[in-house]
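Here's the structure, in structure tokens; my notes come after.
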Amino acid sequence: MAGLRVSASLTEPLLGPSRTVQAHARGANARLQATASSNIDDGVRKSNFSGTPLNAKSVPLASDAKLMTGIEVSFLMNVAQFTLPFCFVRVGWFAVFLMVLAGWLCMHTALMLQEALVALTKEGIRFPEYSDLAAVAVGPVFAAWAQLVALAELAAYGSNCTINLGYALAAMFPISQNAAIGAACALCVALSAFSDRLFAYVGLLSSVASVVILGLLLCGGPDSWATDMSYLPDTGYIPSTFALIFFAVGTHPLIVGVMHTTRSPADLRVSILGAWPIATLVSVLCGGMAYRIYGSALQPDIMANIEGELHRIAGVWMAIKVLGNAVPLARPLANAYARSLRWLPPGDSAGPLLLMPVMVLLAAVAMFFADRLEAFYSVAGCTITSFNVLLIPTIAYLSICKPHGISYYCAVGYAILGAVLSVAPVAYLLWQLACPRGDAFDL
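Right under this line is the structure:
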């Protein structure tokens, strides 16, 4: 397949010179090895969307870069962001450096992902997905593994939503934590009878809910400033804290959906360059202010830090934020297993009966990790998020775009970091089992 020159104004890397985009060395047949979700079949373009191709000269459907930046920021301000103030308890003010570092890594790999996606559109894949990137870069086996990891990330976010919905119900009603998580599971199963379009309207209030909850955290603290702060209380918590932050800010699979909406590489690039600095700034300011107010008394569960009547109000807003995402995150899991068992025809969505086993499993995971929220985020950040944020974008970028200079070395370094993070939890577990109990430390 002949190499194509990509416009430098659209796909110029953050660091390094321009270069020629080339397909994978296996040639034209590489595109035809994409998985079932691919937009290419026997060289014929297919699309579930109407409109112009990404590289067409007509006016795109959505070309407002500011709007796309707002969408990206709303993705980054997810429920996991509420745990980031706790990072200051673990590593003190050193958390500011870790947040900036994680934001930089995510922004740079997102730019690499954008370049690889644009290159695939130039090769004829009109609406490329993560599986297309993996298939063209490595092959169908890697694409299947990428789809499996994507489902695992959905399960992690689904369990996270179930945990926080349980927190919200426990704040509004006098019930235990496990009972609240069970009630949250039952509520999600009942609400799955409605279309995801309904939850999209609820999701419009997601950013407002985030602002309100963070405001309640800062307004509901002690009257005096905390005095038990430090710059780096324990260096042993640096790896797990970085993984926790990574889980919160690594939302790269959603970039594909934003690209399908914008149809404009320039707007997508501007949104990437704007969203991560904004989200990082919010995390640093809110986390730092909360640490200044609460000190080492900050809890991973943001609801546990808010007391009195504000606690109930925060529960209402937390329920609003979570309900917009809980069912839409769990439904693809139900669709996947139901279609593999041929219980669900193609094109249909899972209802309450098919969603019930998924929600029961998510609730079981939520009950186990409800008191270990920071450990759950750290493990997910190492294993799942590092694969989707570091490995897939960099491998696709190296294989498809063929970078040179510092961009090449950055991509190789990010890929190595992703591989190390992916095996870190297993290595840590083996080390903890081998060491005496007093020498190991908790996540």
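Numbers given in the numbering used here equal positions in the sequence shown, counted from 1, plus 2. The C-beta atom is built at its ideal place from N, Cα and C for all residues, glycine as well.
- Within the same chain, Cβ atoms closer than 7 Å to the Cβ of residue 389 are found at 151, 420 and 424, the five residues on either side in sequence being excluded.
- Counting of Cβ neighbours within 10 angstroms places residue 323 among the buried residues, the total reaching 16 or more.
- Within the region 147–234, the runs of alpha helix (DSSP H) that reach at least 4 residues and sit entirely inside it are, in chain order, 179–193, 198–205 and 208–221.
- Of the other Cβ atoms in all chains shown, fewer than 16 fall within 10 Å of the Cβ of residue 227; this residue is therefore exposed.
- For residue 109, the enclosing alpha helix (DSSP H) covers residues 96–124.
- Looking at 276, 270, 186 and 406, the one whose alpha-carbon comes closest to that of residue 170 is 186.
- CA-to-CA, the gap between residue 338 and residue 158 works out to about 16 Å.
- Annotated as proximal: residue 94 and residue 231, with beta-carbon spacing under 8 Å.
- Of the other Cβ atoms in all chains shown, fewer than 16 fall within 10 Å of the Cβ of residue 195; this residue is therefore exposed.
- Note on geometry: alpha-carbon atoms of residue 206 and residue 414 lie some 38 Å from one another.
- Contact between residue 366 and residue 352 is ruled out by a C-beta separation of about 19 Å, above the 8 Å threshold.
- For the 8 Å CB-CB criterion, residue 274 and residue 117 do not form a contact.
- Relative to the Cα of residue 214, the nearest Cα in the group 383, 398 and 317 belongs to 317.
- Excluding residues up to 5 positions away in sequence, 307 lie with their Cβ nearer than 6 Å to the Cβ of residue 301 in the same chain.
- Membership of residue 290 in the alpha helix (DSSP H) is indicated by the continuous run 267–296.
- Shown here, residue 404 sits in coil according to DSSP, grouped into three states, outside any helix or strand.
- Excluding residues up to 5 positions away in sequence, 298 and 300 lie with their Cβ nearer than 6 Å to the Cβ of residue 91 in the same chain.
- About 19 Å separates the beta carbons of residue 79 and residue 161, which is beyond the 8 Å limit, so they are not a contact pair.
- Taking 8 Å as the cut-off, the beta carbon of residue 201 is found no closer than this to the beta carbon of residue 387.
- Under a 10 Å Cβ-count criterion, residue 311 is classified as exposed, with fewer than 16 other Cβ atoms of the shown protein chains found around its own Cβ.
- Here residue 321 really is in contact with residue 167; their C-beta atoms are around 6 Å apart, less than 8 Å.
- In this structure, the CA atom of residue 380 is about 25 Å from the CA atom of residue 146.
- About 11 Å separates the Cβ atoms of residue 402 and residue 136, ruling out a contact at the 8 Å cut-off.
- Under a 10 Å Cβ-count criterion, residue 344 is classified as exposed, with fewer than 16 other Cβ atoms of the shown protein chains found around its own Cβ.
- Within 10 angstroms of the beta-carbon of residue 349 lie fewer than 16 other beta-carbons, which makes it exposed.
- The DSSP-derived three-state label of residue 308 is coil.
- It is roughly 39 Å from the alpha-carbon of residue 110 to the alpha-carbon of residue 173.
- Spanning the alpha carbons of residue 267 and residue 127 requires a straight line of approximately 15 Å.
- Where residue 127 is concerned, there is no enclosing alpha helix (DSSP H), because DSSP gives it neither an H nor an E.
- In this structure, the beta-carbon distance from residue 105 to residue 281 falls below 8 Å.
- Taking 4 residues as the shortest admissible run, the region 347–408 contains the following complete alpha helix (DSSP H) segments, listed from N- to C-terminal end: 354–371, 375–382 and 394–398.
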